[in-house]
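**Student:** Numbering (the working numbering), first residue to last: -5 to 170. Where is the CB? At the ideal position from N, CA and C, for every residue including glycine.
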Ligand code: GNR
Ligand code: NI
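Here you go:
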């Protein structure tokens, strides 16, 4: 199959990243079938392990993930994903985001989550995740609600990153 055209990934502070996405409905079937492979392509090229539709400017509750490290691909498309259970125990892991490239911070989240979603064929699915997948799925569902990983940091750490981004943007403008 030819590789589909990947949409550009929007960068903070694009307002799409702060907009709550709406559930995918039956009328969105064609749009989702077109968009999901293109989101996967954008994610692989970045490269990243997950991508949410708001990151490409689409306000739908649609996520793609693939944690596979070698060249064998194991894509998962999650339509209307929901975290339906989360452990009391938390885990801390370093996160980054394709919409805040080059910025990383330790984020604390529930260590285990159960995520319910629909696949591309409409079948209801559920995944129990721990480790990196648990963090990634929570990070992606956050995107659907306009939440970024920096929102989970202390104000001090968050402002450090946001100030660095503001400075980079200023430098970028000087160069243009
Ligand atoms: O590529 C990504 N890596 C990552 C690492 C730790 C926790 C979450 C992630 S998701 C991120 C891609 C991205 O920005 N998805 O929205
Ligand atoms: Ni992200």
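1. Would a C-beta distance cut-off of 9 Å place residue 101 and residue 137 closer than the cut-off?
2. Less than 8 Å between the CB atoms is what I'm expecting for residue 111 and residue 103, so what's the real figure, rounded?
3. Counting beta carbon pairs with one atom in the stretch 76 to 90 and one in the stretch 16 to 34, are three or more of them shorter than 8 Å?
4. CB-CB under 8 Å to residue 16, same chain, minus the five flanking residues each way: which ones, in chain order?
5. Looking at C-alpha atoms only, which residue of 63, 168 and 97 is the closest neighbour of residue 5?
6. Quick check on residue 147: buried or exposed, where buried means 16 or more other Cβ atoms within 10 Å of its Cβ?
7. Helix, strand or coil for residue 10, going by three-state DSSP, please let me know.
8. Taking residue 93 as the reference, give the member of -2, 2 and -5 with the closest Cα.
9. Out of 108, 109, 124 and 114, point me to the one whose CA is closest to residue 19's CA.
**Tutor:** This is what the structure gives:
1. Indexing the chain shown from 1 puts residue 101 at position 107. Indexing the chain shown from 1 puts residue 137 at position 143. Going by C-beta atoms, residue 101 is not nearer than 9 Å to residue 137.
2. As a position in the chain shown, residue 111 is number 117, starting the count at 1. As a position in the chain shown, residue 103 is number 109, starting the count at 1. About 18 Å separates the Cβ atoms of residue 111 and residue 103, ruling out a contact at the 8 Å cut-off.
3. no
4. Along the chain shown, read from residue 1 onward, the residue named residue 16 stands at position 22. For residue 16, where only same-chain residues beyond five positions count, the Cβ hits under 8 Å are 53, 54 and 55.
5. Position 11 of the chain shown, counted from the start, is the residue given in the question as residue 5. That would be 97, whose Cα lies nearest to the Cα of residue 5.
6. Taking the chain shown and counting its residues from 1, the one referred to as residue 147 is at position 153. Buried is the call here.
7. Position 16 of the chain shown, counted from the first residue, corresponds to residue 10. In the structure shown, residue 10 adopts helical secondary structure according to DSSP, grouped into three states.
8. Counting from one through the chain shown, the residue named residue 93 turns up at place 99. Closest option to residue 93, Cα to Cα, is 2.
9. Here residue 19 corresponds to residue number 25 of the chain shown, with the count starting at 1. Closest option to residue 19, Cα to Cα, is 114.
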